[in-house]
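Residue numbers (the numbering used here), protein chains in the order written: chain A, 283 to 576; chain B, 21 to 347. Before any comments, here is the structure.
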């Protein structure tokens with residue numbers, strides 16, 4: 283099937299996208315979530331057009347100002363415009379979540395299918411590996427890695443990928459295990475389909491929906507991790523703006539002005555609420571156990 | 021197709037399969053022999069747990085992981101499938117040997133369209149998508165699905181059970197297999213549909229010229245559809261022969277009791293349906309002698325020795341010491 287064919291199938295009147303939208307339209311919380319998600323996407327993509335400042339432009343005469351018409355959310359201790367830094371910090375957060383989640387999901391799908399469909403010893407080996415990773419507190423793990431390779435955005439992405447692979451792999455493994463005993467997979471085997479064909483043509487489409495939901499719920503987790511690491515100075519290096527580093531700067535000067543820390547916290551709350559509302563609404567719509575026809 | 025016209029497509033020869041279980045070695049099949057002649061429909065009857073499923077799995081080379089290596093031989097067009105490697109076996113499945121499953125509700129992938137699944141089954145052919153679609157439409161027409169073109173865009177949940185089973189049959193016959201294994205394909209359907217599907221299957225079988233191994237516990241369906249029948253009990257074939265012989269003059273006591281229990285064959289109104297008392301023997305710890313002895317009304321002293329398969333008539337086999345005596 284061509285790329286276009288898939289798109290065409292998804293957008294047909296009875297395709298997945300249209301039917302999902304029809305149900306989402308009736309769920310106000312889900313709609314709110316979708317609006318927040320789209321809003322965050324919009325402001326991060328068009329950040330340079332939404333502000334007249336440079337995120338790293340220092341203005342020593344305008345330090346720690348409260349919000350005004352010139353500086354919508356005030357300025358920080360170096361006189362940088364907090365609103366502008368938030369927009370650019372959002373770019374960092376979105377870049378980290380998109381890159382890290384896509385890579386973690388791809389590796390997680392591969393390993394999860396191997397564990398769920400492969401021989402039992404391989405399953406045990408992989409599960410032990412996943413549990414080992416999950417048993418480390420992420421922050422300790424991150425500090426160890428940063429101590430080894432130094433702080434940078436790529437280090438943050440790498441840490442998040444390693445920490446997230448088990449999340450995806452476990453879901454894929456469980457779903458694959460449930461599917462491998464299903465009649466239509468047994469039927470495919472009886473009709474001579476190879477393991478690769480079964481996994482990619484038949485198992486994949488069946489686990490796509492839960493994975494999509496999981497990814498959307500994972501965005502706030504990843505954004506929070508990036509902010510946390512940057513807050514601790516283990517993430518982006520100054521002067522790059524990140525929601526975590528904005529919070530850290532604001533934290534140091536909280537006696538002088540509360541505005542940076544207030545402004546830095548809001549996007550984190552919005553991301554969490556937006557993606558969670560959207561993800562939960564999607565889960566209600568796509569989960570076959572909760573699905574109601576008509 | 022092979023050059024010899026009158027040979028058997030499938031010959032199962034003294035096949036024994038056992039599983040390793042916690043309780044010990046479960047002997048699921050013991051010395052099962054069965055021939056499927058070219059162009060014939062062979063039925064297998066037997067109650068649950070008699071080894072029907074194990075037999076199918078052994079034929080298509082997909083025994084459960086805890087199965088021990090099978091002994092005996094399964095010859096498909098002269099080649100012993102037990103000695104064939106996995107790749108070769110996989111190439112045969114779906115191409116030369118196809119299967120239809122019991123429950124059409126679950127044997128189609130719920131998230132893919134019918135068209136996608138029907139194209140997918142033709143992955144061995146180099147044809148274009150349009151050609152594969154055209155072949156799918158022709159196949160759907162042959163199994164009696166109205167408006168097949170628009171059905172290609174449907175998902176399985178948009179089709180009724182009977183339709184789904186027709187689709188499954190169309191998919192199985194797509195590659196014109198030499199042998200179709202049908203595992204209780206009508207059990208999940210209601211009686212009217214059952215008759216329709218059976219007739220359709222028979223017509224298609226005559227058209228395509230394949231052989232069918234038809235597993236069922238519905239005696240009426242077997243009588244209607246099959247040329248030959250093998251009666252299985254506790255992992256053994258206790259009696260085999262033509263449908264006419266088996267149904268009109270059963271010689272094994274189990275076959276007789278099975279026929280007596282068929283609700284379709286009971287002519288008088290009764291409160292109590294006939295049953296076969298007792299249970300299947302434990303396949304881990306088999307009793308000595310005849311496997312049916314404990315449940316048999318006409319057991320005699322000699323039954324504590326295993327009865328050999330006796331040849332009775334042209335190619336009729338019966339595993340009973342008392343075969344040939346008038347009951």
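Where a beta carbon is used, it is the ideal one built from N, C-alpha and C, also for glycine.
- A Cβ-Cβ distance of about 5 angstroms is found for the pair residue 200(B) and residue 230(B), placing them in contact under the 8 angstroms criterion.
- In this structure, residue 153(B) lies away from residue 144(B), with their beta-carbon atoms at least 8 angstroms apart.
- In this chain, residue 519(A) is not harboured by any beta strand (DSSP E), its DSSP state being neither H nor E.
- With 16 or more other Cβ atoms inside 10 Å of its own Cβ, residue 123(B) counts as buried.
- In this structure, the beta-carbon distance from residue 534(A) to residue 433(A) does not fall below 8 angstroms.
- Below the 9 angstroms Cβ cutoff, chain A contributes 469, 472 and 473 as neighbours of residue 119(B), in chain order.
- When rounded, the separation of the alpha-carbon atoms in residue 333(B) and residue 261(B) is 9 angstroms.
- Its chain contains 362 and 521 as the residues whose beta carbon lies nearer than 7 angstroms to that of residue 338(A), once the 5 sequence neighbours on both sides are disregarded; these appear in chain order.
- Here residue 84(B) carries a coil assignment [DSSP, helix/strand/coil].
- For residue 487(A), the neighbours in chain B by C-beta distance under 8 angstroms run, in chain order, 129, 131 and 132.
- Judged by their CB atoms, residue 250(B) and residue 112(B) are not nearer to each other than the 8 angstroms cut-off.
- Contact of residue 114(B) with chain A by beta-carbon distance below 8 angstroms involves 472, 473, 474 and 475.
- At least 8 angstroms separates the CB of residue 186(B) from every CB of chain A.
- A residue is called buried once 16 or more other Cβ atoms fall within 10 Å of its Cβ, and residue 72(B) is buried on that count.
- Straight through space, the alpha carbons of residue 388(A) and residue 128(B) are spaced by roughly 27 angstroms.
- With a threshold of 8 angstroms between beta carbons, residue 41(B) makes no contact with chain A.
- The shortest CA-to-CA distance from residue 335(A) to any of 348(A), 318(A), 322(A) and 369(A) is the one to 369(A).
- Contact note: residue 202(B) does not reach chain A at a C-beta cutoff of 7 angstroms; the least C-beta distance is about 12 angstroms.
- In this structure, the alpha-carbon of residue 125(B) lies about 29 angstroms from that of residue 392(A).
- Only exposed fits residue 343(A), as fewer than 16 other CB atoms lie within 10 angstroms of its CB.
- Residues of the stretch 84-118 of chain B whose Cβ lies closer than 8 angstroms to any Cβ of chain A, in chain order: 110, 111, 112, 113, 114, 115 and 118.
- Leaving aside the five residues that flank residue 276(B) on each side, the residues in its chain whose CB is nearer than 6 angstroms to its CB run, in chain order, 270.
- Three or more Cβ pairs closer than 8 angstroms define a contact, and the stretch 46-53 of chain B meets that threshold against the stretch 297-316 of chain B.
- Annotation: the continuous alpha helix (DSSP H) that includes residue 407(A) extends over 402-417.
- The CB of residue 82(B) comes closer than 7 angstroms to the CB of 471 and 472 in chain A, given here in chain order.
- Below 8 angstroms, enough C-beta pairs join the stretch 441-448 of chain A and the stretch 378-386 of chain A to call them touching: three or more.
- Here residue 259(B) carries a strand assignment [DSSP, helix/strand/coil].
- With the rule of 3 Cβ pairs closer than 8 angstroms, the stretch 353-367 of chain A does not count as touching the stretch 393-403 of chain A.
- Within chain A, the C-beta atoms nearer than 9 angstroms to that of residue 140(B) come from 470, 475, 479, 483 and 484, in chain order.
- For the options 524(A), 453(A), 517(A) and 371(A), the alpha carbon positioned closest to that of residue 494(A) is the one of 453(A).
- For residue 336(B), the beta-bridge partners assigned by DSSP are 332(B).
- Listed in chain order, the non-local C-beta contacts of residue 329(B) below 6 angstroms within the same chain comprise 337 and 339, local neighbours out to five positions each way being set aside.
- Taking residue 502(A) as the centre and dropping the five residues before and after it, the same chain places the C-beta of 553, 554 and 557 closer than 6 angstroms to its C-beta, in chain order.
- Closest in C-alpha terms to residue 449(A), from the list 373(A), 436(A), 500(A) and 326(A), comes 500(A).
- The three-state secondary structure of residue 253(B), taken from DSSP, is strand.
- In chain order, 126 make up the part of chain B whose C-beta sits under 7 angstroms from the C-beta of residue 464(A).
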